[in-house]
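Number of protein chains: 2
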Amino acid sequence: MNTPAEASHNHPHPSEHDHKKCVSEALDTAEHLCVVRGVQLTPIRHQVLELIWDSHKAVKAYELLDRIKPLKDGAKPATIYRALDFLIEQGLIHRVESLNAFVGCSSSGHQHEQLLLICKHCNEVEERPATEVMQALSQELEQAGFVVHSKAIEVRGICVKCAALYDDQD
Amino acid sequence: MNTPAEASHNHPHPSEHDHKKCVSEALDTAEHLCVVRGVQLTPIRHQVLELIWDSHKAVKAYELLDRIKPLKDGAKPATIYRALDFLIEQGLIHRVESLNAFVGCSSSGHQHEQLLLICKHCNEVEERPATEVMQALSQELEQAGFVVHSKAIEVRGICVKCAALYDDQD
DNA sequence: TTACCGAGCGTTATAATATAACATCCGATT
DNA sequence: AATCGGATGTTATATTATAACGCTCGGTAA
């Protein structure tokens, strides 16, 4: 398959994983979930999701716009933002609040709310279920009597792989 | 003292607390910390901090700009953003990432990183130390080998006071 | 004193992010 | 055939944020 995702994918920690698998799993899951839910993963939405999954980096909306223009001539901001809205609603991507950017969600089906570890060096975002944290948070929120709509738990810093590089080289 | 803060303050849950005390404590703490740290809480910075403390609501940068213009003729975006940068650096305010907005920090001296509970109804932001959550998070981050620069832990929903109003009235 | 330096601020311009509003298309239903 | 709703096209604009450059002023080194 000559997808743009495969063509332009650029992973800073290459030995670590088979990214094609990430992408195909994410897309398969997305397609399946949309069928089950009776919502449409239209070509545009699919393309945007694929572009987001090009890497594990957080991507800006206008970056996506630039990258979808060759595929979708005449794409405008609304094209992207509508697709992003849909993908977020369906839990297929995360909005990274502290970056105004977007990243694929690996656990779309089950557990969408996760701890996001955002590396300032490689710009990758790691999702972690962080069950202990989530449990403590639920308790805290219950104590506070707060009715939750959504959560954003984001930590910025240097990921373990980049930290290792720093130790070795910088 | 005929401060703008007192003049325009508007609290949706009025019986709950003495807001003048919040403001004066926040400003006193800020002044003290800046002296100790050898940094300047200039008139502009002080005014912006005061405007932010007008309420416990998250405030947008351009709202602050509009509100500082009468006091500081010719104020421009940079005026506000520079002050905000300073106040954030000094831990005197929080940037609410999921709103692109700002709110005073009650615990400037000691424990800046807190859980923020953001009410969609009254728009107030409650800070909570949430020590159990923070502890679990620290553990998680240590396990992940992630070097932390900053954290944003934000929950959006309905605060306990507004939830009570909903139960009674809506 | 004079020269310099850096922090803070004024000012202009523009970049980057996001939404509103209305038109059109197209497939499903009546 | 009529119509209805979801998705998309299209134009315009709102909102958020930064860049870049110059001035002032107070401290300090020559």
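First to last, the sequence lines map onto chains B and Z. So in our numbering, the last spot in the first sequence is 170, and the numbers never skip. So in our numbering, the last spot in the second sequence is 1170, and the numbers never skip. Don't be surprised by glycine CBs; every beta carbon is placed ideally from N, CA and C.
Look at residue i and residue j and say whether their C-beta atoms are less than 8 Å apart.
i: L1065 (chain Z); j: P1077 (chain Z); result: yes
i: A61 (chain B); j: K69 (chain B); result: no
i: R1156 (chain Z); j: K1120 (chain Z); result: yes
i: A1152 (chain Z); j: E154 (chain B); result: yes
i: Q1111 (chain Z); j: C1034 (chain Z); result: no
i: I44 (chain B); j: T79 (chain B); result: yes
i: A58 (chain B); j: A101 (chain B); result: yes
i: F1146 (chain Z); j: C159 (chain B); result: yes
i: A1136 (chain Z); j: A144 (chain B); result: no
Using a Cβ-Cβ distance cut-off of 8 Å, determine whether residue i contacts chain Z.
i: L174 (chain B); result: Coverage of chain B is limited to positions 1 through 170, which leaves residue 174 (chain B) absent and any answer about it impossible.
i: L84 (chain B); result: no
i: G157 (chain B); result: yes
i: S8 (chain B); result: Because S8 (chain B) sits at a pLDDT of 49, beneath the cut-off of 50, its placement in the model cannot be relied upon, and the following sentence gives the value as read from the coordinates. Not closer than 8 Å to any Cβ of chain Z, the Cβ of S8 (chain B) fails to qualify, so no.
i: L87 (chain B); result: no
i: A58 (chain B); result: no
i: E140 (chain B); result: yes
i: S107 (chain B); result: no
i: E124 (chain B); result: no
i: H97 (chain B); result: For the sequence presented, residue 97 (chain B) should be read as Glu rather than His. Output row for E97 (chain B): interface = yes.
i: V103 (chain B); result: no
i: V39 (chain B); result: no
i: L115 (chain B); result: yes
i: V160 (chain B); result: yes
i: K69 (chain B); result: no
i: K76 (chain B); result: no
i: D170 (chain B); result: With a pLDDT of 42 at D170 (chain B), under the threshold of 50, the predicted position of this residue should be treated as unreliable, though the coordinate-derived value follows. No, D170 (chain B) lies away from the interface with chain Z (no Cβ there is under 8 Å from its Cβ).
What does DSSP give as the partner residue(s) for residue i in the beta ladder?
i: V1155 (chain Z); result: B:K151, Z:L1117
On the premise that residue j lies in contact with residue i, defined as a C-beta separation below 8 Å, what is that separation, rounded to the nearest angstrom?
i: V967 (chain Z); j: L1084 (chain Z); result: Here chain Z has residues from 1001 to 1170 only, and residue 967 (chain Z) is not among them.
i: C1105 (chain Z); j: I1093 (chain Z); result: 6 Å
i: E1127 (chain Z); j: L1116 (chain Z); result: 6 Å
i: E97 (chain B); j: E1097 (chain Z); result: 4 Å
i: H1032 (chain Z); j: K1161 (chain Z); result: Incorrect: roughly 31 Å between the Cβ atoms, too far for contact.
i: V1103 (chain Z); j: H1056 (chain Z); result: 7 Å
i: L41 (chain B); j: A30 (chain B); result: 6 Å
i: S1108 (chain Z); j: Q1114 (chain Z); result: Wrong, their Cβ atoms sit about 11 Å apart, outside the cutoff.
Consider the Cβ of residue i: report whether some Cβ of chain B lies at a distance smaller than 8 Å.
i: V1133 (chain Z); result: yes
i: G1145 (chain Z); result: yes
i: D1137 (chain Z); result: Inspection of the sequence shows that residue 1137 (chain Z) is occupied by Leu rather than by Asp. By this cut-off, L1137 (chain Z) is an interface position.
i: E1154 (chain Z); result: yes
i: H1149 (chain Z); result: yes
i: R1128 (chain Z); result: yes
i: S1055 (chain Z); result: no
i: K1021 (chain Z); result: no
i: K1072 (chain Z); result: no
Compute every distance between the C-beta of residue i and the non-hydrogen atoms of the ligand ATP, then say whether any falls below 7 Å.
i: L1141 (chain Z); result: The ligand ATP is not part of this structure, which contains no ligands at all.
Unbroken stretches of the alpha helix (DSSP H), 4 residues or longer, contained in the stretch 1017–1043 of chain Z: 1019–1037
Every unbroken beta strand (DSSP E) within the stretch 1058–1146 of chain Z, with a cutoff of 3 residues, ordered by chain: 1093–1096, 1101–1104, 1115–1119, 1125–1128
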